[in-house]
Structure formats: structure tokens, C-alpha cells
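Numbering (this note's numbering), first residue to last: 117 to 320. Working notes, structure below.
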């Protein structure tokens, strides 16, 4: 069979349909010459995510204000929080290479989490002019992990996770610490043999 090249206008239409209908969180940010970042475009999934994560900021705010100003004036972030949000952006511009990131945004009543890759888009001279963001909402996963952790901490049963390679404790719950007398930090340096819980070498 013979491949037929699609007209440019149809290619763009297909790309736009994929952009708007994917559940991935996607966006493109402009890198200004002064080092500021402005959101140039977001797909609908990303807009909806930010509407929940940062309800204080409208889509118009995202387009009109650079990210630092928007977070400072609309959300009330401190300079340290803003620097933490923009650190991956600055690293991509500095290195010209993609950066994997895990981020969360404090909101009015909840905390939203996402995992993403931030990639450079360069001009003909190799200068990073835009950043392409593609992420996944992992909020429900993080909440489930926290609930599971809370259950482990509150159960009266001794719970421990031991490394298969070296036999050292990776995790112990409060009940384990209460019975053995070792804190979680101390447990990281111990193995089962160090506890001396066996009555004989044969048992061990």
C-alpha cells in the first residue's frame, strides 16, 4: 500500500484533537528573554486540573501573568515556594535537556499531586524558547498511599519491611518500635540478626 501525506491543515487538526482529548496534563510555556515563564497553551485536562488545584487563578491569569507573578499575587505563594515550582523550568533552560518532576500544589482544601516530564523546545539556533509539559494526576494514588501508611502506623501488630539484598529494615511501624525499643531511624541500621530474637543458632 502507498502512504499518502496529509495536508498540513489536516495534520494540525488531528494534533489539536489529540491535544484536547487526551487525559494527560499537557501545556506549553513561553520562555521570556528575562527568564520569566508564561503559559502559552494548556489542554483541557490540564486546565481542569489547575482549576481544582489553584482555584484562585483563572485561565486568563495564567495567560496574562508570568508564572511567578501569578503564584505570588493570585495564590499567595512565598518566594521559596515559587522558586521550588520554577526550579525544574530553569534547569531545562540551563541544560537543554528534559527533566522529570514530581510536584504538588497546596489549595484551599486539599493538596494535588502530579508527576511529569518537562521538555525543551528550541529554535534554529538551539535556544530554548518554550517548554513542553506532559504530566499525570497522581493525587488519588498519593492519598491511597497515605491512608495505607496511617493504617500501618496505627495497627497494634508489628509491621516491618526488610530489604531482600542486605536484610536491613526499610520500614517499621510504631508498634514494632514500642516492642523492640528501637526507633525507625535506628532500625535502618539494623538487620534481623542484630535484634537477637532467636533462642539458638538453629532457630536463626
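Idealized CB from N, CA, C, for every residue including glycine.
Checklist line | Sheet register partners of residue 236 (DSSP bridge) | finding: 247
Check: What alpha helix (DSSP H) runs, 4 residues minimum, are completely inside the segment 166-214?
Finding: 175-180, 183-186, 195-211
Notebook entry, point to check: To the nearest whole angstrom, what separates the beta carbons of residue 205 and residue 181, a pair I think is in contact under 8 angstroms?
Noted result: In fact, because the Cβ distance is near 15 angstroms, the residues do not count as touching under 8 angstroms.
Check: Can you give the Cα-Cα distance for residue 293 and residue 300, rounded to whole angstroms?
Finding: 7 angstroms
Check: How would you label residue 319, buried or exposed, when you count the other beta carbons within 10 angstroms and need 16 or more for buried?
Finding: exposed
Checklist line | Contacts around residue 117, its chain only, beta-carbon distance under 7 angstroms, and the 5 residues preceding and following it disregarded | finding: Note that residue 117 has pLDDT 49, beneath the 50 cutoff, so the model's placement of it is unreliable and the number below is only indicative. If we look at residue 117 and ignore the five residues flanking it on each side, it has no Cβ neighbours.
Notebook entry, point to check: What does a CB cutoff of less than 7 angstroms around residue 315 pick up in its chain, not counting 5 residues either side in sequence?
Noted result: none
Next item on the list: Check residue 229 in the structure and name its three-state DSSP category.
Entry: strand
Next item on the list: Determine the closest residue to residue 250 out of 163, 174, 260, 124, with distance taken between C-alpha atoms.
Entry: 163
Item checked: Cβ shell of residue 179 (< 7 angstroms), same chain only, five flanking positions each side left out -> 155
Note to self: Between which residues of its own chain and residue 172 is the CB-CB distance below 7 angstroms, once the five residues before and five after are set aside?
What the structure shows: 190, 191
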